[in-house]
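What follows is one structure encoded as structure tokens, with my remarks underneath.
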Amino acid sequence: FSKQNLHTEARQSQTAAIVDRLIERTDIRERSVTTAADEATEDYGAAAMEIEEELVEDLPTNATREESEELNRRRRAAAQNALGQRLFKVGMVRAGGACKLTTLPVGFKFPSMTIPQTINCWFIGSVGANLIPYCQLKSHDVDHIKGASSALRKIRRVMSLVHKTATAKGCWPSGQSWDTPRRWTYEKTNALWLGIEKEFLRLYMKKRDAKYGTVYNNANKKKQRRRGQGSEDDME
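With the sequence shown counted from 1, adding 1 to any position gets you our numbering.
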């Protein structure tokens, strides 16, 4: 081998070693990345199908070939637009002396949200802020943000109340899971809230614009009264 080839191999080896160390530190595995990609494809594919289903209603039964081609063009454009809005950025932060990947922007903190807003953010995320659905966040995703672990814990508890109430009222969407964004749409989240609104007003909130923290606290107080004792940790 020439000296240039040796230098090239050395650089490639060094680069590979750096990548391996980053992968090791951030605990990323090929299997988990592939799984995430497959799940994302299913989610986005479902969104594209819903867009197509909405557009197909605009096509007359006696549509011409030109009208059909125009509809197909609009379908592709709408599907591509939906995909573009759901491309999440990944960054790296240092926490506890180590580096980890995060999809949350710098300076992120959970906003004060009403229950309808909480439901939407849990299943769909924020398109405007390009945030992933909160149901995909784990404690290790937010433990580097002050107060975020507690906020996520409360949001998760409130969403479990949403699921429990909707199931009891018979308005939980068939085939939907409460801990995955798959196949959730704004139409479904809005219908979910309308189905439990009166019950939530009766049990956990006096005003429709009550925030998730208020609902969490009220639910906690109800549980304490029922048991005669308890703490916030009993809500978990």
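Ideal Cβ placement from N, Cα and C applies to all residues, glycine included.
Problem set entry | Leu132 - DSSP class collapsed to helix/strand/coil | Strand.
Exercise. So what does DSSP say about Thr166, is it helix, strand or coil?
Worked result: Thr166: helix per DSSP, three-state reduction.
Exercise. Is it true that the CB of Val143 sits closer than 7 Å to the CB of Ser150?
Worked result: For the pair Ser150 and Val143, the CB atoms are nearer than the 7 Å cut-off.
Exercise. Does DSSP put Ser245 in a helix, in a strand, or in coil?
Worked result: The chain is shown from 2 up to 237; residue 245 falls before or after that span and cannot be answered.
Problem set entry | Residue span of the alpha helix (DSSP H) that contains His141, given as start and end | Segment 140-143, the alpha helix (DSSP H) holding His141.
For this session: Determine the closest residue to Pro182 out of Trp123, Ser113, Lys170, with distance taken between C-alpha atoms.
Result: The shortest C-alpha separation from Pro182 is found at Trp123.
Problem set entry | Element boundaries [alpha helix (DSSP H), containing Gly214] | Run containing Gly214: 213-228, per the alpha helix (DSSP H) assignment.
For this session: Using the DSSP secondary-structure output, state which residues sit across from Thr115 in a beta bridge.
Result: Thr115 is bridged to Lys212.
Problem set entry | Cβ separation of Ile146 and Tyr213, assumed to be a contact under 8 Å, to the nearest whole Å | Contact between Ile146 and Tyr213 fails: their C-beta atoms lie close to 17 Å from each other, not under 8 Å.
For this session: Less than 8 Å between the CB atoms is what I'm expecting for Ile120 and Trp173, so what's the real figure, rounded?
Result: 12 Å between Cβ atoms; not a contact.
Exercise. For Ala167 versus Gly196, is the C-beta spacing smaller than 7 Å?
Worked result: Inclusion of Ala167 and Gly196 in the CB contact set at 7 Å is warranted, their separation being smaller than that value.
Exercise. What is the DSSP secondary structure of Thr181, counted as helix, strand or coil?
Worked result: Thr181 falls in the coil class under three-state DSSP.
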